[in-house]
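Okay, structure first, notes after.
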Amino acid sequence: MSMDQTLTLTLSREDIVRLCERVEGAQTRAYAIPKLTDEYPAMTIADGYAVQLELRRRFLAAGHKQVGWKAGLTSRAKMKQMGVDVPSIGFLTDRMARPENSAISTHDLVHPRVECEVAFVTRKDLQGPGCTRQDVLDATDYVLPAVEIIDSRFSGFKFDLPSVVADNGSSARFVGGGRPRYVEDLDLPTLGVVMEKNGETVAGAAAAAVLGHPAEAIAMLVNILAELGEGLPAGSFVMSGGITEAVPVKAGDSVIARFQELGSVSMRFVE
Amino acid sequence: MNEDKIQHYGDALYDAWRERRTIAPLLEQEPDITLADAYRIQLRYIERRVAAGESIVGKKIGVTSKPVQDFLGVFQPDFGQLTSGMVYQEGDTIDLGSLIQPKAEAELAFVLKEDLQGPGVTAMDVIRATDYVLPCFEIVDSRITDWKIKIQDTVADNASCGVYVLGKTKGDPRKLDITLAGMVLEKNGEIFSTGVGAAVQGSPANAVAWLANTLGELGIPFKAGEVILSGSQSALVPVVDGDELVCTVGGLGSCRVKFAGRSAA
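In order, the protein sequence lines correspond to chains U and W. The numbering of the first sequence is my numbering, which starts it at 1 and goes up by one. The numbering of the second sequence is my numbering, which starts it at 1001 and goes up by one.
Structure, rendered in structure tokens:
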């Protein structure tokens, strides 16, 4: 993707800090806020990333550790569900990680949803622009199955791209697990995935739903990072975006994501 | 429903199929048709095709996904008969002129090496009795105007079966995760939809077991060598002249098919 048309910053430094504090408050105290473009209709995607990077600066200053990134809105199902037409990225920290098969509290989330993703762990630095799918595969240490628990801080899960980018791509929690595999031992696009909630199948798809190949989403992420003046360091954990549509969860729900060749990832939600 | 009416509607469907035209939904003409009546009408329609020279080579299972079951207001699949005139092989071009209002579905086909006699058949029996599985397309078609079908209409119309295409890559279900295998459907080089085996009754083997048991109650055995289309794992794809479809089952392989000509509707 190109952000040429939307690279222009329209927000002042003061506005960026103000919106960042608004998002940070909603994230840490788990309440919904109106989408940011209601107040700043001219807000661009570049403005959204400026707010997101300010949010990251504050989290890191508070002692959080960045573990990687996530690509979002990478499948046609997700873009349709959310009414946007370009993917986005968000950062991941250690505070968002939850162990496989654990109880995940919902009291500090607004309206969580779960989606199945293929996650990549890198062993070489990746730098855009011009990063390709093959560059990503060459730089990959291993892939593993993951579930992302997204949680838009915007009322009714209704947003536009600048707002969702500012809200760190709706990132909230993530669970990696299952069986790590080398990419050369797999045909990633045809890997099947099933999401089960409380024993019932609620979503199913193949990984090709993510831009034709999950590594394509990682390449796109690296190229967006380049536009933000960053690279993807070796050792990063990167989620390639929801293969299935996002499924709402609440306390009492139990979720299993089952992946062809990659095993499964399970969790349950509590108050 | 009396035998005269069964024959009347079976013959009407046979004539519509032969002449590539549609008829009004049967339920509009006859609101009291039961599911059992619908299967008797299907039998009559297929008897006519067999009398005209075709043979029965297998079965298809339909209405296997929850969205389609919800749409039709039913809680179980349905089935139809595969005949020798419906078979295409991978690489063939399908003549749309032989069809009325076709749509394609990507599926997994089973070929049996042992008879399966229901009732009492489980998914484990299905795997045991399976010779191999294949990626395949079913081209569904409806002899009912504008696809305005309810469950009785589609069952009577041989579960809306048109023709089918078998891939060439044989898979052993003991070496393949047919439940979690992904299904990628491409139309003219672009991804059209993706799916997974579990979308079919939890697993395609469950759908085949359901059919073995359903046929068993009717006293019909499942015979070695028969082909069973286990149910759609993709969205329905409308097809027109020049279209090319490829479906790929994760860990198994692909089936490719082209379309030429114009369908009737």
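Glycine is no exception: its CB is placed at the ideal position from the N, C-alpha and C atoms.
Express the C-alpha separation of residue j and residue i in angstroms, rounding to a whole number.
i               : j               : result
residue 13(U)   : residue 82(U)   : 29 Å
residue 1231(W) : residue 1030(W) : 28 Å
residue 1238(W) : residue 1109(W) : 21 Å
residue 196(U)  : residue 244(U)  : 11 Å
residue 1195(W) : residue 73(U)   : 18 Å
residue 256(U)  : residue 113(U)  : 13 Å
residue 1002(W) : residue 1037(W) : 9 Å
residue 86(U)   : residue 227(U)  : 15 Å
residue 1259(W) : residue 1141(W) : 14 Å
residue 1019(W) : residue 242(U)  : 47 Å
residue 1069(W) : residue 123(U)  : 47 Å
residue 304(U)  : residue 77(U)   : Here chain U has residues from 1 to 271 only, and residue 304(U) is not among them.
residue 236(U)  : residue 1065(W) : 38 Å
residue 1100(W) : residue 1033(W) : 24 Å
residue 1219(W) : residue 1120(W) : 13 Å
residue 1050(W) : residue 268(U)  : 55 Å
residue 1016(W) : residue 1045(W) : 10 Å
residue 1208(W) : residue 1255(W) : 21 Å
residue 1115(W) : residue 1224(W) : 5 Å
residue 21(U)   : residue 68(U)   : 22 Å
residue 70(U)   : residue 216(U)  : 13 Å
residue 164(U)  : residue 47(U)   : 11 Å
residue 3(U)    : residue 161(U)  : Because residue 3(U) sits at a pLDDT of 47, beneath the cut-off of 50, its placement in the model cannot be relied upon, and the point is left open.
residue 5(U)    : residue 1014(W) : With a pLDDT of only 48 at residue 5(U), under the threshold of 50, the placement of this residue in the model should not be trusted; the figure read from the coordinates follows. Taking the straight line from one Cα to the other gives about 59 Å.
residue 1241(W) : residue 1188(W) : 12 Å
residue 1(U)    : residue 183(U)  : Annotation note: pLDDT 41 at residue 1(U) (below 50); position unreliable, no value reported.
residue 1106(W) : residue 1134(W) : 11 Å
residue 213(U)  : residue 185(U)  : 15 Å
residue 44(U)   : residue 60(U)   : 25 Å
What does residue i reach in chain U if we use C-beta pairs closer than 7 Å?
i               : result
residue 1196(W) : 192, 193, 194, 204, 205, 206
residue 1191(W) : 208, 212
residue 1205(W) : Within chain U, no residue comes near residue 1205(W); the closest Cβ sits about 15 Å away, beyond 7 Å.
At 7 Å on the CB atoms, spell out the chain W contacts of residue i, in chain order.
i              : result
residue 187(U) : 1250
Considering only their Cβ atoms, is the gap separating residue j from residue i smaller than 7 Å?
i               : j               : result
residue 1077(W) : residue 1130(W) : no
residue 1059(W) : residue 1079(W) : yes
residue 231(U)  : residue 127(U)  : yes
residue 177(U)  : residue 265(U)  : yes
residue 1205(W) : residue 1094(W) : no
residue 1171(W) : residue 1136(W) : no
residue 262(U)  : residue 179(U)  : yes
residue 1102(W) : residue 1139(W) : yes
residue 1227(W) : residue 1072(W) : no
residue 8(U)    : residue 42(U)   : no
residue 209(U)  : residue 188(U)  : no
residue 1198(W) : residue 204(U)  : yes
residue 17(U)   : residue 166(U)  : no
residue 168(U)  : residue 63(U)   : no
residue 129(U)  : residue 198(U)  : no
residue 1252(W) : residue 1179(W) : no
Kindly indicate if chain B contains any beta-carbon less than 7 Å away from that of residue i.
i              : result
residue 257(U) : Here chain B cannot be found, since the structure's protein chains are U and W.
Can you pull the chain U neighbours of residue i, defined as C-beta to C-beta under 8 Å?
i               : result
residue 1202(W) : 201
Find the residues of chain U that neighbour residue i, judging by a C-beta separation of less than 9 Å, and give them in chain order.
i               : result
residue 1123(W) : Within 9 Å Cβ-Cβ: nothing; residue 1123(W) doesn't reach chain U, min ~15 Å.
In chain W, which residues lie with their C-beta within 9 Å of the C-beta of residue i?
i             : result
residue 52(U) : Under the 9 Å cutoff, chain W gives no residues; its nearest Cβ is about 29 Å from residue 52(U).
residue 66(U) : Under the 9 Å cutoff, chain W gives no residues; its nearest Cβ is about 31 Å from residue 66(U).
In chain W, which residues lie less than 8 Å from residue i when you measure between Cβ atoms?
i              : result
residue 127(U) : Those do not exist, as residue 127(U) stays about 28 Å from chain W at its closest Cβ, beyond 8 Å.
- Item | Cβ-based contacts, 7 Å cut-off: residues of the stretch 233–244 of chain U near chain W | none
- Relative to chain U, which residues along the stretch 1176–1189 of chain W have a C-beta separation below 7 Å, given in chain order? 1177, 1180, 1181, 1182, 1183, 1184
- Any 3 or more C-beta pairs closer than 8 Å across the stretch 1083–1101 of chain W and the stretch 1181–1190 of chain W: no
- Item | Cβ-based contacts, 7 Å cut-off: residues of the stretch 71–95 of chain U near chain W | none
- Query: Are the stretch 1201–1216 of chain W and the stretch 1141–1149 of chain W touching, with three or more C-beta to C-beta distances below 8 Å?
  - Reply: no
- Can you find at least 3 beta carbon pairs, one from the stretch 1036–1053 of chain W and one from the stretch 1157–1164 of chain W, that sit closer than 8 Å? yes
- Task: Kindly confirm or deny that the stretch 150–158 of chain U and the stretch 27–35 of chain U touch, where touching means at least three C-beta pairs closer than 8 Å.
- Result: yes
- Between the stretch 140–147 of chain U and the stretch 104–120 of chain U, do three or more beta carbon pairs fall short of 8 Å? yes
- Item | Contacting positions in the stretch 1097–1115 of chain W - beta carbon closer than 9 Å to chain U | none
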